[in-house]
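Visitor:
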Amino acid sequence: MLTYHPIHDPSHCIFRLLCLLHDMKNTKIATDLARVLDFYVVFPHALKSLSLPRDLQETKRAFKNIRDPYENLPTASRLMYELSSIQDQALKALMAKGLIEQSEISSGYIALRKTMIPEEINNLIQQSTFRATDWYKALVTVISEMPLKGKGGLKDRSGLLEYRYDNV
Numbered sequence: 096m097l098t099y100h101p102i103h104d105p106s107h108c109i110f111r112l113l114c115l116l117h118d119m120k121n122t123k124i125a126t127d128l129a130r131v132l133d134f135y136v137v138f139p140h141a142l143k144s145l146s147l148p149r150d151l152q153e154t155k156r157a158f159k160n161i162r163d164p165y166e167n168l169p170t171a172s173r174l175m176y177e178l179s180s181i182q183d184q185a186l187k188a189l190m191a192k193g194l195i196e197q198s199e200i201s202s203g204y205i206a207l208r209k210t211m212i213p214e215e216i217n218n219l220i221q222q223s224t225f226r227a228t229d230w231y232k233a234l235v236t237v238i239s240e241m242p243l244k245g246k247g248g249l250k251d252r253s254g255l256l257e258y259r260y261d262n263v
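All residue numbers for the sequence shown refer to my numbering, where the first residue is 96 and numbers rise by one.
1. If you draw a straight line from the C-alpha of residue 172 to the C-alpha of residue 254, how long is it?
2. Suppose you measure from the CA of residue 157 to the CA of residue 179; what does that come to, to the nearest Å?
3. Skipping 5 residues on each side, what residues in its chain have a beta carbon closer than 6 Å to that of residue 116?
4. Measuring only the C-alpha atoms, how far is residue 127 from residue 184?
5. Hey, how far is the Cα of residue 108 from the Cα of residue 242?
6. For the segment 135-153 against the segment 227-239, are there 3 or more C-beta pairs whose distance is under 8 Å?
7. DSSP on residue 128, reduced to helix/strand/coil?
8. Closest to residue 104 by CA distance: which of 147, 137 and 250 is it?
9. What number of angstroms, rounded off, separates the C-alpha of residue 120 from the C-alpha of residue 261?
10. Tell me, to the nearest whole angstrom, how far the beta carbon of residue 220 is from that of residue 113; I am working on the premise that it is less than 8 Å.
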């Protein structure tokens, strides 16, 4: 039996990344941050296990009502490993279409060119239902502002990416 899951869909990943970049305060974000945030858009239930600092415990309440998935899933780090190749494909496609700055990718950042996004895609982004959820709003406003690198950073707290060799 074949089943669809957005983790294996590069087009869905492109859309998720465009939504995230559209909704972020900064138009230029670290590639690793985009990868972690994209993971949580695909698997919002994993936000429940995200270790947050004490001053962000109020944000944790926004994650309480997220329903658990019906399927049995591998560990979050394994899912992130599988998702990383799809994310690479999505970033290459965005770069090829001129929607993100090619010069920024080599320095570890993604910079969205909002003027290059077609009106049809902007309309789809505006109509997207997951953007209205509390967990997504917390993701793009609070979680995205956390430090990314080093001990206590988002990479460490999520357990999704290696943090021990980061230049801090």
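Backbone N, C-alpha and C define an ideal beta-carbon position, used for all residues, glycine too. What you are looking at is a predicted structure, and each value in this text was computed from that prediction instead of being measured.
Guide: Taking the definition as stated:
1. Looking up residue 172 in the sequence shown gives position 77. Looking up residue 254 in the sequence shown gives position 159. Those two C-alpha atoms are separated by around 7 Å.
2. Residue mapping note: residue 157 aligns to position 62 of the sequence shown, counting from 1. Residue mapping note: residue 179 aligns to position 84 of the sequence shown, counting from 1. Approximately 26 Å between the Cα atoms of the pair.
3. Here residue 116 is taken as the residue at index 21 of the sequence shown, counted from 1. 207.
4. Stepping through the sequence shown from its first residue, residue 127 is reached at position 32. Stepping through the sequence shown from its first residue, residue 184 is reached at position 89. In a straight line, the C-alpha of residue 127 is about 15 Å away from that of residue 184.
5. Against the sequence shown, residue 108 aligns to sequence position 13. Against the sequence shown, residue 242 aligns to sequence position 147. Answer to the nearest angstrom: the Cα atoms are 24 Å apart.
6. Under the 8 Å Cβ criterion, the segment 135-153 counts as touching the segment 227-239, having at least three qualifying pairs.
7. The residue you call residue 128 lines up with position 33 of the sequence shown. Residue 128: helix per DSSP, three-state reduction.
8. Your numbering for residue 104 matches position 9 in the sequence shown. Residue 137 is the option with its Cα nearest to residue 104.
9. Mapped onto the sequence shown, residue 120 falls at position 25. Mapped onto the sequence shown, residue 261 falls at position 166. Cα to Cα, the separation comes out at about 24 Å.
10. Locating residue 220 in the sequence shown gives position 125, where the first residue counts as 1. Locating residue 113 in the sequence shown gives position 18, where the first residue counts as 1. Yes, they are in contact, since the Cβ atoms of residue 220 and residue 113 sit about 6 Å apart, within 8 Å.
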